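Peer 1: Position in the sequence shown counted from 1, then plus 29, gives you the numbering used here.
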Amino acid sequence: MRGRLWRCIRVLTSLVILGFFLHENIAAREEQQYNTLLSEKKKMIQQIAQEEISSEITNHLKYFTEMQKSAHVLQHATYTVLVGAALQAKRLLTVGISVQHKNRTYLLDTITSLFQASSEQDLEYMLILVLLSDTDPKWLNQTVANISGLFMPHIESGRLLVVHGLLGGSRAKSRNHTSPCGKLYSRQKTSFALLMNFALNLSEYFLLLGDNVQSTPRFLSDIFWVLEAWNQLPWVILDFSSMAISGKVFHTEDLSRLVSFLLLFPKDISTHLLLSEFRLLLSQNVPIRLNPSIFYRMTSDSEFEDTCFPVEQDKDLGEPDNPTATVFTDMLSLWNTHAPYAYILNGDSFWVLDALKHNYLLVVLDKPQKVIKVAVETGSNENKLNLLKYGQLLLGYSPMDYPKRCAHYNLVGPLVRGQLDQMVFYEEDSVKEISCIKLLVTASHDYPIKITQIKVWTEVEEEEY
Numbered sequence: 030m031r032g033r034l035w036r037c038i039r040v041l042t043s044l045v046i047l048g049f050f051l052h053e054n055i056a057a058r059e060e061q062q063y064n065t066l067l068s069e070k071k072k073m074i075q076q077i078a079q080e081e082i083s084s085e086i087t088n089h090l091k092y093f094t095e096m097q098k099s100a101h102v103l104q105h106a107t108y109t110v111l112v113g114a115a116l117q118a119k120r121l122l123t124v125g126i127s128v129q130h131k132n133r134t135y136l137l138d139t140i141t142s143l144f145q146a147s148s149e150q151d152l153e154y155m156l157i158l159v160l161l162s163d164t165d166p167k168w169l170n171q172t173v174a175n176i177s178g179l180f181m182p183h184i185e186s187g188r189l190l191v192v193h194g195l196l197g198g199s200r201a202k203s204r205n206h207t208s209p210c211g212k213l214y215s216r217q218k219t220s221f222a223l224l225m226n227f228a229l230n231l232s233e234y235f236l237l238l239g240d241n242v243q244s245t246p247r248f249l250s251d252i253f254w255v256l257e258a259w260n261q262l263p264w265v266i267l268d269f270s271s272m273a274i275s276g277k278v279f280h281t282e283d284l285s286r287l288v289s290f291l292l293l294f295p296k297d298i299s300t301h302l303l304l305s306e307f308r309l310l311l312s313q314n315v316p317i318r319l320n321p322s323i324f325y326r327m328t329s330d331s332e333f334e335d336t337c338f339p340v341e342q343d344k345d346l347g348e349p350d351n352p353t354a355t356v357f358t359d360m361l362s363l364w365n366t367h368a369p370y371a372y373i374l375n376g377d378s379f380w381v382l383d384a385l386k387h388n389y390l391l392v393v394l395d396k397p398q399k400v401i402k403v404a405v406e407t408g409s410n411e412n413k414l415n416l417l418k419y420g421q422l423l424l425g426y427s428p429m430d431y432p433k434r435c436a437h438y439n440l441v442g443p444l445v446r447g448q449l450d451q452m453v454f455y456e457e458d459s460v461k462e463i464s465c466i467k468l469l470v471t472a473s474h475d476y477p478i479k480i481t482q483i484k485v486w487t488e489v490e491e492e493e494y
């Protein structure tokens, strides 16, 4: 009797399990059919996306393949050290100056400006590299004599190096150009290629300057603090001037590719346009333009130069015009101050107790605006205390109502010694109206923070008549 009971239980159990598997099999087949359709749709979407990505990769590979071919041209380059020692200890920054006009007298003024603007401590981290590419021996001898006479202490201390460079081979031959600018561009690109090629192993960073540039005091200190702030963020070119070419800082490790890229385009394509294309090629989609400019052009002695090498003048945007907005924060306030104090233009400030990583101050604009410049001031001007040392500013779009915030953000940049002052640029075909301004704390602080002011400049809409 007991054995029969166990057999019945086993039969019933088997029937239940069989029914379960039959049900699962039917469900699995239905799910498989659904998954097959879904998979086919996914494959179609992925295929379309992959075709677009492959197209981009193909274009990039094409450029970089051609760039590798162009690099062989530099095998024919020849260099002669005219002033200074070729063997240099690796520095933080090489200031590269390319001289292309033997009839100008601004080179000595440019070098003088750089040395006068630098402290003894700054000079320990900097090498000034001057490249001469003219073949007139009389002019070369006179230039070398002038430099040696004026800057011998800096030459002896290894802070100044002057070299003569020639490309050689077929590239050295004259070319027909369709415009006066084309001739200047071709000569400039060749000179820059020679200059950067020589500078490959001299420093960690490279600053490109023309031979008629005035620098502001302690420019190297300003650059150093920006490099320190951007150290953990991706960038290709940091721009410290409104000039089209001068004042741009590069990673030295990028110079070999940039040299090859410049030599891909020997004719009438402008050098400043190629620098922008190179930045895009390495995925920096917008310029990083630091304010205020620390390099300025002295003057122009060519009727074509102002046309061929445009200077975007530093515009006087006047006072900030912070649009009406609501301000939110998750930081603990001090001394009965409130978050809106950091945004309202009335001289008040917002004090924060021990800001923590990921804390934020969020400004949500009442109406989307075309923001053209932003600035953040923290700490006290008198003693530089209470700075927000670790912070970033982001601009947001696609506003959301609950909670009040934006769905997407783009980085403007990190705070540099507690401050930020940058022009705002937009990617092509991107949203150009901003709804949020977010000050984000990127590391915890164990002291009170003073957020003095967030300033915003917007593009004024032209009235329709």
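We treat Cβ as the ideally placed atom computed from N, Cα and C, and that holds for glycine. Quantities reported herein were computed from a predicted structural model and do not represent experimental measurements.
Assuming ALA18 and LEU284 make a contact with CB atoms under 8 Å, what is their CB distance in whole Å?
Peer 2: Here the chain comprises residues numbered 30 to 494, so residue 18 is not present and cannot be evaluated.
Peer 1: With GLU406 as the anchor, note down where its beta strand (DSSP E) starts and where it stops.
Peer 2: 400–407 is the span of the beta strand (DSSP E), which, as asked, contains GLU406.
Peer 1: Tell me which same chain residues have a C-beta within less than 6 Å of the C-beta of LYS218, skipping the five on either side of it?
Peer 2: Excluding sequence neighbours, LYS218 sits near LEU291 and THR300.
Peer 1: With a threshold of 7 Å on Cβ separation, who are the neighbours of GLU406 within its own chain once the five nearest residues in sequence on each side are excluded?
Peer 2: Cβ within range, chain order: GLN448, THR481 and GLN482.
Peer 1: Between LEU51 and the rest of its own chain, which residues show a CB-CB distance below 6 Å, the 5 nearest in sequence each way excluded?
Peer 2: Caution applies to LEU51, whose pLDDT of 42 falls short of 50 and renders its modelled position unreliable; the value that the coordinates give is listed next. So no residue of the chain qualifies.
Peer 1: Among all the DSSP beta bridges, which residues are the ones paired with ASN439?
Peer 2: DSSP output for ASN439 lists LEU424 as bridge partner(s).
Peer 1: Measuring alpha carbon to alpha carbon, tell me which of LYS344, ASP383, CYS465 and LEU468 ends up nearest PRO321.
Peer 2: When only C-alpha atoms are compared, the closest one is LYS344.
Peer 1: Alpha carbon to alpha carbon, how far is PHE357 from ASN375? Give it in angstroms, no decimals.
Peer 2: If I take the Cα positions, the gap works out to 18 Å.
Peer 1: Tell whether a beta-carbon distance below 8 Å holds between THR336 and CYS210.
Peer 2: Yes, Cβ-Cβ distance for THR336 and CYS210 is below 8 Å.
Peer 1: Do you know how far the Cα of SER142 is from the Cα of GLN243?
Peer 2: Each residue's Cα considered, the two are about 6 Å apart.
Peer 1: Can you tell me whether GLN421 is buried or exposed, with buried defined as 16 or more other CB within 10 angstroms of its CB?
Peer 2: The residue in question, GLN421, is buried, as its Cβ has 16 or more Cβ neighbours within 10 Å.
Peer 1: Secondary structure at SER464, three-state DSSP: helix, strand or coil?
Peer 2: DSSP places SER464 in strand when its eight states are reduced to three.
Peer 1: Rounded to whole angstroms, how far is the Cβ of ASP251 from the Cβ of ILE323, which I believe are closer than 8 Å?
Peer 2: Right, the Cβ-Cβ distance comes to about 6 Å (below 8 Å), so this counts as a contact.
Peer 1: Between the stretch 263–282 and the stretch 169–177, do three or more beta carbon pairs fall short of 8 Å?
Peer 2: Too few Cβ pairs lie closer than 8 Å, so no.
Peer 1: For the beta strand (DSSP E) that contains PHE269, what are its first and last residues?
Peer 2: No beta strand (DSSP E) holds PHE269; DSSP gives it neither H nor E.
Peer 1: So TYR135 packs on VAL192, CB below 8 Å; how close in whole Å?
Peer 2: About 19 Å separates the two Cβ atoms, so there is no contact after all.
Peer 1: Comparing C-alpha positions only, which one of PRO428, LEU293 and GLY442 sits nearest to TYR214?
Peer 2: If we check each option's Cα against that of TYR214, LEU293 comes out closest.
Peer 1: Among the residues of its own chain, which have a CB less than 8 Å from the CB of PHE247, if the five just before and after it don't count?
Peer 2: The question names Phe, yet the displayed sequence has Arg at residue 247. ALA146, SER147, SER148 and ASP151.
Peer 1: So what does DSSP say about GLN145, is it helix, strand or coil?
Peer 2: Helix.
Peer 1: Using CA atoms only, rank isn't needed, just tell me which of ASP458, HIS474, LYS399 and LEU303 is closest to VAL381.
Peer 2: Selected option, being the one with the closest Cα: HIS474.
Peer 1: Take the Cβ of VAL489 as the centre, count every other Cβ of all protein chains shown within 10 Å, and call the residue buried at 16 or more, exposed below.
Peer 2: When all chains shown are included, VAL489 counts as exposed.
Peer 1: For a test of the three-state rule: what should DSSP assign to PRO182, helix, strand or coil?
Peer 2: Of the three classes helix, strand and coil, the one that applies to PRO182 here is helix, per DSSP.
Peer 1: Secondary structure at THR281, three-state DSSP: helix, strand or coil?
Peer 2: Looking at THR281 - three-state DSSP - the assignment turns out to be helix.
Peer 1: DSSP on PRO369, reduced to helix/strand/coil?
Peer 2: Correct three-state label for PRO369: helix.
Peer 1: Kindly indicate which three-state DSSP category VAL489 falls into: helix, strand or coil?
Peer 2: Residue state, collapsed to three classes: coil.
Peer 1: Near VAL255, which residues of its chain fall below 7 Å by C-beta distance, leaving aside the five closest residues on each side in sequence?
Peer 2: Hits under 7 Å: LEU267, LEU319 and VAL445.
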